[in-house]
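Following: one structure in structure tokens, then a few remarks.
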Amino acid sequence: MRKKYVFLAVILLSLFTFFNPFGRSTEIIGVTPPSGPALYTYKIVNRLPHDPQAFTQGLVYKDGCFYEGTGLYGHSSLRQVNPADGTVLDQVNLPYTFFGEGITIHQDRIIQLTWREHRAFVYDLASFSLLDTFTYTTEGWGITSDGKYLIMSDGSSLLTYRDPDTFNSVLRLPVRSNGQPVTHLNELEFINGKIFANVWLTDQIAIIDPTSGQVTAWLDLTGLLDPKDHPGQTVDVLNGIAYDEQEDRLFVTGKLWPYIFEIEIMTEKE
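Counting in my numbering, the sequence shown runs from -3 upward without gaps.
Okay, here's the thing in structure tokens:
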């Protein structure tokens, strides 16, 4: 009988250790409390000229040029721009009834959204000739490509993954930071496996895990545009993220800003 009791005692002790939240099981399983997003700041590396009349809605860098989508009714366009002096090398103007929004390059095409017209225009990258149009039911704000899917924002806390050939919705991904929805997601850029998103009416860029939708870091660009840089000139919000993959350079700008800034991401301790 003693052997039987000893055996039962061992079993009960094992069960207590396994289920006890203060026992070794926590360490063995490796459960750790969730940590909040990292906080980053910036250092200005370079300042490039930017058309102060451009209401920037989308910005991309490829093969030595900026590609920019601008907004406002009657002023919306798609442009190819020389970074050195801001010269517009090529331009397509949208009809007056369309308010241009975000752009992205996917393979040899440029896709440009519109705000409330539920229309996306697809252009040939080399010639800017119109190849196709897509429709969607939400507002159009920002768009980027992860190489397989198009990823679109509509001003809410949701990102929509879309088939690049049909524009059909494949996945709706909610974006959260510390458990709370992040709304007003605007211009997007896919950089080194993360989605960078301007958050409308703020100086913050959310850095988002493309699988979970969790904000892994915040990039605070407060003070980037000095008021002395635009005396007497009206400027609008921070909006526009571009990445030079070849040289690992990050560019940001805003609507009606006189400059595009090349920045380096810094931790708060640096």
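Virtual Cβ for every residue (Gly too), placed ideally from N, Cα, C. Note that the coordinates shown come from a computational prediction; the quantities given were computed from them, not determined experimentally.
1. Looking only at C-alpha atoms, which of Glu183, Tyr255 and Ser208 sits nearest to Trp196?
2. Using a Cβ-Cβ cut-off of 7 angstroms (strictly less than) and excluding sequence neighbours within five positions of Thr131, which residues of its own chain qualify?
3. Can you tell me where the beta strand (DSSP E) with Ala193 in it begins and where it stops?
4. Buried or exposed: Ser21, going by 16 or more other Cβ atoms within 10 Å of its Cβ?
5. Taking the alpha carbon of Leu74 as the point to measure from, which residue in Ala80, Phe94, Asp59 and Gly60 has its own alpha carbon closest?
6. Which same chain residues, not among the five before or five after Arg168, have their C-beta less than 7 angstroms away from its C-beta?
7. In this structure, what does DSSP give as the bridge partners for Arg245?
8. Do the stretch 224 to 232 and the stretch 188 to 208 meet, that is, are 3 or more Cβ pairs less than 8 angstroms apart?
9. What does a CB cutoff of less than 6 angstroms around Gln238 pick up in its chain, not counting 5 residues either side in sequence?
10. So, at 7 angstroms on beta carbons, what are the nonlocal neighbours of Gly65 in its own chain, with the 5 sequence-adjacent residues on each side left out?
11. With contact counted as at least three CB pairs below 8 angstroms, one residue from each stretch, are the stretch 43 to 53 and the stretch 249 to 257 in contact?
12. Measuring only the C-alpha atoms, how far is Phe18 from Arg172?
13. So is Ile191 buried or exposed if we call it buried at 16+ other beta carbons inside 10 Å?
14. Between which residues of its own chain and Phe163 is the CB-CB distance below 8 angstroms, once the five residues before and five after are set aside?
15. Compare the beta carbon distance of Tyr38 and Leu215 with 8 angstroms and say whether it is the shorter of the two.
16. Just tell me which of Thr110, Asp128 and Leu121 has its CA closest to the CA of Trp137.
17. Quick check on DSSP: helix, strand or coil for Phe18?
18. Would DSSP call Thr179 helix, strand or coil?
19. Should Gly26 go down as buried or exposed, given a rule of 16 or more other Cβ atoms within 10 Å for buried?
20. Under the three-state reduction of DSSP, which class applies to Asp104: helix, strand or coil?
21. Rounding to the nearest angstrom, what Cα-Cα distance links Gly219 and Thr198 in this structure?
22. Please classify Pro223: does DSSP put it in a helix, a strand, or coil?
23. Could you tell me whether the Cβ atoms of Thr207 and Ala34 are closer together than 8 angstroms?
24. Under three-state DSSP, which class holds Gly143?
25. Which one of Glu135, Asp128 and Gln176 has the shortest CA to CA distance from Pro160?
26. Count the other C-beta atoms from every protein chain shown that fall within 10 angstroms of the C-beta of Gln103, then say buried if there are 16 or more, exposed otherwise.
Result, derived from the coordinates:
1. Answer by Cα proximity: Glu183.
2. Spatial neighbours of Thr131 in its own chain (CB-CB distance under 7 angstroms, excluding positions within 5 residues in sequence) are listed in chain order as His114 and Arg115.
3. It spans Lys190 to Val195 - the beta strand (DSSP E) in which Ala193 sits, taken as one unbroken run.
4. Confidence is the limiting factor: at Ser21 the pLDDT is only 29, short of 50, which leaves the residue's position unreliable, though a coordinate-based value still follows. Classification of Ser21: exposed, given that the 10 Å Cβ count is below 16.
5. Cα-wise, what sits closest to Leu74 is Phe94.
6. Answer for Arg168: Leu154 and Thr156, listed in chain order.
7. According to DSSP, which records beta bridges pairwise, Arg245 is partnered with Asp240.
8. With a cut-off of 8 angstroms, the stretch 188 to 208 and the stretch 224 to 232 do not count as touching, because too few Cβ pairs lie within range.
9. Reading off the sequence, residue 238 comes out as Ala, not Gln. Here the set comprises Leu55, Val56, Tyr57 and Phe247.
10. Only Gln53, Gly54, Leu74, Gly96, Glu97, Gly98, Ile99 and Gln108 meet the Cβ criterion.
11. Yes, the stretch 43 to 53 is in contact with the stretch 249 to 257.
12. For Phe18, the predicted structure reports a pLDDT of 29, less than 50, and the residue's modelled location is therefore unreliable. The matter cannot be settled from this model.
13. It is buried - the Cβ of Ile191 has at least 16 other Cβ atoms within 10 Å.
14. Sequence-distant Cβ neighbours of Phe163 in its own chain, meaning closer than 8 angstroms and more than five residues away, are Ala116, Phe130, Thr131, Tyr132 and Leu146.
15. Closer than 8 angstroms, so yes.
16. Checked all of Thr110, Asp128 and Leu121; the closest Cα to Trp137 is Thr110.
17. Residue confidence is low: Phe18 scores 29 on pLDDT, short of 50, so the model does not pin down where it sits. Its coordinate-derived value is still stated next. DSSP places Phe18 in coil when its eight states are reduced to three.
18. Three-state DSSP puts Thr179 in coil, outside helix and strand.
19. Bear in mind that the predicted position of Gly26 carries a pLDDT of just 26, short of 50, making it too unreliable to give a figure here.
20. The answer is coil: DSSP assigns Asp104 none of H, G, I, E or B.
21. Approximately 11 angstroms between the Cα atoms of the pair.
22. Note: Pro223 maps to helix in three-state DSSP.
23. The criterion of a C-beta distance shorter than 8 angstroms is not satisfied by Thr207 and Ala34.
24. Three-state DSSP puts Gly143 in coil, outside helix and strand.
25. A check of alpha carbon separations from Pro160 across Glu135, Asp128 and Gln176 identifies Asp128 as the nearest.
26. Burial is judged here by how many other beta carbons sit within 10 angstroms of a residue's own beta carbon; Gln103 has fewer than 16 and is exposed.
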